[in-house]
Each structure stands twice: as C-alpha cells, then as structure tokens.
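Chains as they are written, first to last, in the numbering used here: chain B, 220 to 702; chain S, 1308 to 1576. Note that beta-carbon positions come from the ideal geometry of N, C-alpha and C, so glycine has one too.
Below, the structure is given as structure tokens:
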C-alpha cells in the first residue's frame, strides 16, 4: 500500500508543472516540517570528548538546548615523541560531541580562550543558515559570542572552523560531530562510540621527533604525514581501544574532518549490518567499507558475534599501517567456532625460497637528533621499536607463538649482542631456537642508521627482564665493518 | 599632551637609526626610543580597500613594539588610562587584566615584554602622547613584507613558512622584544611576538566567513591571481586580516600589542 501511494505521488508530481513539485515532495510521509516543532523547557547540553558520546535523546520532547564550547589552542602529542600545536573545540581532536534531537533550538555560546592567538568561528553542517553559523560566530581571543539555530534535518553532521585560512584551521584539528536524532531517537544499541578521522601535515616526516610545525605546502599538495583517528596515532589502541562484549550491538558515529582526504572506513573482521549512508536517512545493509567524505560522516552499526581484536582502518591502507589511521575494538566473550574457527593448520610455504627481503632505503633521510644519555637513548629506542618492531615482536616483547620469537627474557638475544646487531642489519631467515621453542620465519633487513639500531637494541636489552646490555653506535659500525 | 611632563632625557643613539622624537612624553621612555625612517613605495596588498597598487609615503616607525616598562611610565603620568579608571567604552573588561595592579605588569612577563591587553584607544593615546600615531594597515603590511635581506620577501616559501610557524606558537606574548631577527628596514618583532594594532584595523571588512568574503569579491580574486605567487603568501596575510577583522576598538587581547609611527615633518626633509 505504501509503495502504491508513492507510485501515485510520483505520477502526479511528474504530470504537473515543476512549480508544484516542491509541494508534492513535502506531502510525502518522510517530509515532516520540523521547523514548526515547539520546544519545551531549557537544558544545558552535556558534551563529551571522543570516543564517548552523550546519552541518547530517547523519547524526550524538543527543547531549548544550551551548548557551551571553548576553543583552546594547545600543544599535545601527535604520535610517540611527536608534538603538535592543535587548535581544538573543547580541548580535544575531534571536538566535543553535540547530541540533539530534531526540533531542538540550540543556543550556542562559542568562547575563544584568552591565551589563543587567533580568531575563530564555527560552521555546523546541521545549521540551516548563512555559513552554517560561521557568519554569526566570528570571535576574537578572550571573547565569546552567542547565536541560535533550530535543527530541522535529522542526521550526523560535521562542524568545523571556517576562519581564514580555513584549510589551516581544519588541518590543525578544528572539527567535530553534531548528531540530530529523529523524533523518538535512534534505535537502542548496547555501545556507542565517537570516531573521527583527520589528516595532518608536518614539516618533519612521519615519526620525526619533537614539536612539529604545520606545513602549509604539504597541505596544499595534499601529502599527509599523518592520517589518524581521534587526533593522534594510537588514540584507539592498546588500553585506549574501544570495547564491547560478544552479542552486543555497536554503533560508531564516524566523521571525517579532512582537511583533504576521503576515508574508506572499514573494520577488519566485521561487516557493517547497517550504515546510515553519509550520516543521512538512507540505510544500507551488509557493507564492508563505507566512504566518508572530508566534511562528512556515517553511522555504522554491527553486532559483534565473536571475541577478539577488530581493527578500525582507513582502507586506503598505507594510511593505516604507515600514517596512523588504525584503531582497535576489543571484543570479550565466548568463542563461537561455527562462526570463526581460528587457525586449523599451519605450515611453511615459500615458493620463492627463503630469501631475505629488504625495505628500500630512503635517499632523502635526514639524520636524527643525537640521543646522548642512556635514558634518552632508551626513549629514542622505544619510539623506533613502536614504529618498526612492535607489529611482530609485540608491545611487551612477547612475540607471537609459532611465528615471531619473543624478545622478552630472550636467551637468544642475551647470548650475543653482535648477532642481535647483525639480525637487525641483515635480517634473519630460517630456524632459530629461542627459550626452548623453535621458530622458522623471515625477518626483513631493517633500514635504520647505526645510532637507531644502537638505540632500539639498547631499549630491548633494557626492557622485559633482559640483561641491560648497552649497545652503542660504535658497536653497530664495528659489526657493519666486520660482519 | 598637557599631562606629559616636559623633561627631555638623553638617550643613546644608534648612528644608523634616526632619532626624531623630542616630545614631552619622552620622560617615560626607558629603552632607547628608536624609530627607523622607512622609505615609501608601492605594492599590491593581499586584500585591501580596492586590491590594487597601494602607495606608502616615507614615514618613521618604532623599531620595537611598546614594552611593559614604557607603558608603566605612561600610566604613571596618565592615571586616566590605568585599568581602575579607564572608561568602558575605551577599553573592555580585559584591559590590563593580567596586571598585578594599576601600574605593575603581568608577573609572567618581563619589563621588556611587549605590552598587551591594551585597547586601540589606549594604544592610540600612548602614541599621541609621544607626538606619534598608530601605523596604517598599508604602512604596517608594507614593512612586514620584508625579511632580513629584502624589502618584499612575500614570494619566498621559506619566509612564509617562517611566519606561519610564528603565528602557531602559543603564548609568544610572554617573550621579549628584539629576540626576532632585524628585518630589511631595521625593525624587530613584526612577526613572531604579538599581533599589533593599526590605525585603520577595521577598514578591511572581513565578515568572519572568509569563504564568503572570497567568493563575493571578484576584485580580490583578480588581486590574488595577479600576485601569481604561492598560496602560502596569501595564508600568512589572511591570518592577519582575519585577526584584525575580529577586533573592536575597545578589545584588549593577550596576544595583541602595538608600536607607533610618525609622519615625516616636511621641514625635516
């Protein structure tokens, strides 16, 4: 019946003049006029920092919602050992999550902290009005400004700063999400999280330590050094991972601040049961990867059936493994082997032989700043370990059973530092015995400088119960000269 | 002017710098009150009243932004500009708000830090007291195009990247005058310390919606096109114009100071 109604509506619309088209469109059941919804009462909106989201609106009536947001320019961590001056809405990247329902009247107070150097404003894509609010919200440091708007289109929307130079303000982290729930709220789920991707452009290349200034030329050229979820490399990994239990339904509010890159959002090992395409009302089902434009968003939902760690990535995959666009969702609960069996058989398959592969050297590599004291060298080594070694040897050097030998309390390692240096320099292939267990796989040769090799090995030797050997750059160069 | 004590102090003078100030207010000048003579010229600003060639005639400009120490001296002889007595229409609630009291500057700064949280009215009164004035946007932008070696360095990527870095640095107002390199004109700290008031800061209208400003102004489009240089150049200037556009004359802001300019008296030439 519903289909028939649509069919007739469509027919009538086509058959009459275009002047009346708008009228026909409005008469459909999906096009309620939200501008006339009346509000009841006034409430201070509770905002949250990522990855948390405020409570659902549920069945509440539309109300006047007071939103207070402070702009803060501040230095914080971009990656291990890398600092950056972020410009933020509410002190976080992405900015505070704003949750409204259709018909709400939002009274928005934008405060620019007195220590800030720049004027800012806010353009909310959920606003119907000039500049999405930007024309009314331009505010100097040490001042605040108030403007109001009514949210009349349900959906998930990006907000961002639109002050000149716009690209730089967005590129420094000035974006976030505002959700407009439909009447009665979104269907209830077990877990909700806030994830937003952004690309960053630094004068130094990815991993270069210290305070990194914004690089305008790289931004113009769209050559990102970092592509991250929630403002930094590792914001959603290890103990900061998102969590859920087997059997629960997870909803992710995913945004993309850009400024340049479009995200191919994917969760490794999951299929999205539902995607609110582009954050709007269209629902697609059984989606593997959903495209999230810069300045756009999507709501994805999926039920988690099996335990394990599921990896959130931008499936433009070098961004995930080389630039930081990687997060984790850890699921706890009972195994369901009929859904996923785990490994059932394994063996060695090397059609091209066991030759050692080498990563290509970077001809433009710049020498790293010299770490002097043992503590500095261990810290520098830890940063290298986190970039280069951690994927196989694991965060606590525990290795992976049957694949990658442990570095923690490793008899093989502690027996011979010369051999350890050689292993990092040249790689290693074939059977080795570590702590009584046999391993037979391939470690590629690592393109690290002598100082970097010395630092990373000193870090390893001084961690996890190893023998605290101090490996120096001279020892590495000696091994290079006399392998 | 009547409030300024008419005693003249001997001040050491750099032979290369022209000393022009013999005004009554000089009594409160503690660091050498040096100005540089700027030879005028014409240039295309990023974003001006008509985005065409702008001419600047010869003028004098302070080498450094006005310091806390200088401003304290000013307040001693001008109690009407102390924060306890200043009128609201001339200075908002932030005026000298970080100061310890009426005549003691912010403890986080030093005597040679640039004075900030001063309104346009206050800055103007200070300059007037010395027989000076605030520089115009055109004058300020004209001297700010220079790097250490050339008068118009705007087309150099390195220069623009340097300025952008300076603009990003948090809390630079806590620094000291003269720490940035001397530019082509012999001026310090135009970039990298604080923003600076100009006489006509609000003559270039920026709505705050910079995208709209760009789209609605075909002259600007042509103007920036004719500059024909890198995008970086525009970005640095955009930030200054955006900042100025956010101001009102009674605003007092932590990262905003000023320096004074002076016309060249025809009988001096």
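In chain order, 318, 319, 320, 400 and 404 place their CB closer than 8 Å to the CB of residue 276(B), counting only its own chain and leaving out the 5 sequence neighbours on each side. Counting along the chain, no beta strand (DSSP E) covers residue 1494(S), and no H or E run does either.
By a beta-carbon distance limit of 8 Å, residue 1553(S) does not contact residue 1483(S). Their separation comes to about 26 Å. Looking at the DSSP output, residue 1502(S) sits in a beta bridge with 1563(S). With a contact defined as Cβ atoms closer than 8 Å, residue 615(B) and residue 683(B) qualify at about 6 Å. Spanning the alpha carbons of residue 1341(S) and residue 1369(S) requires a straight line of approximately 6 Å. If you check each beta-carbon in the stretch 435 to 464 of chain B against every beta-carbon of chain S, the ones closer than 7 Å belong to 435, 436 and 439. Residues of the same chain with a CB within less than 6 Å of the CB of residue 343(B), apart from the 5 flanking positions on each side, are 351, 352, 378 and 397 in chain order. Following the DSSP letters along the chain, one finds residue 599(B) inside the alpha helix (DSSP H) bounded by residues 593 to 607. Proximity to residue 445(B) across 472(B), 478(B), 474(B) and 697(B) peaks at 478(B), based on C-alpha coordinates. For residue 532(B), the CB contacts under 7 Å within the same chain, skipping 5 residues up- and downstream, are 485, 487, 539, 544 and 545 in chain order. Per DSSP, residue 349(B) has no beta bridge partner at all. In this chain, the beta strand (DSSP E) harbouring residue 418(B) covers 410 to 419. DSSP, reduced to helix, strand and coil, places residue 1552(S) within a helical segment of the structure shown.
In this chain, the alpha helix (DSSP H) harbouring residue 670(B) covers 669 to 680.
By the neighbour-count definition (other C-beta atoms within 10 Å, threshold 16), residue 591(B) is an exposed residue. Within the same chain, 297 and 431 come within 6 Å of residue 303(B) by CB-CB distance, once the 5 residues on both sides are set aside. Going by beta carbons, residue 292(B) and residue 335(B) fall inside the 7 Å limit.
Burial of residue 1545(S) is indicated by the presence of at least 16 other C-beta atoms within 10 angstroms of its C-beta.
Burial is judged here by how many other beta carbons sit within 10 angstroms of a residue's own beta carbon; residue 274(B) has fewer than 16 and is exposed.
Note on residue 1360(S): under 16 other CB atoms within 10 angstroms of its CB, so exposed under the neighbour-count rule. Not a single C-beta of chain B is nearer than 7 Å to the C-beta of residue 1367(S). At a cut-off of 7 Å, the C-beta of residue 359(B) has a neighbouring C-beta in chain S. Around the CB of residue 521(B), 16 or more other CB atoms lie within 10 Å, so the residue is classed as buried.
Residues are counted here when their Cβ sits less than 8 Å from a Cβ of chain B; for the stretch 1438 to 1471 of chain S these are 1464, 1467, 1468 and 1471, given in chain order. Residues 256, 257, 258, 259, 320, 321, 322, 323 and 324 of the same chain have their beta carbon placed closer than 8 Å to that of residue 281(B), with the five preceding and five following residues left out of the count. Counting the other CB atoms within 10 Å of its CB gives residue 1557(S) a total of 16 or more, which places it among the buried residues. Taking a Cβ-Cβ cut-off of 7 Å, the neighbours of residue 1560(S) in chain B comprise 359, 360 and 361, given in sequence order. By the C-beta criterion, the stretch 412 to 429 of chain B is judged to be in contact with the stretch 462 to 475 of chain B, since at least 3 inter-stretch pairs fall below 8 Å. 313(B) is the residue among 518(B), 348(B), 313(B) and 363(B) whose C-alpha sits nearest the C-alpha of residue 451(B). From the listed residues 510(B), 528(B), 596(B) and 561(B), the smallest Cα separation to residue 549(B) is found for 528(B).
The stretch 1445 to 1460 of chain S makes no contact with the stretch 357 to 377 of chain B: fewer than 3 CB pairs, one atom from each, lie closer than 8 Å. Chain S places no beta carbon closer than 7 Å to that of residue 289(B), leaving this residue out of the contacts. Residue range 261 to 263 is occupied by the beta strand (DSSP E) that includes residue 263(B). In the three-state reduction of the DSSP assignment, residue 634(B) falls in the helix class.
The beta carbon of residue 1411(S) lies closer than 8 Å to those of 1379 in the same chain, with the five residues before and after it left out.
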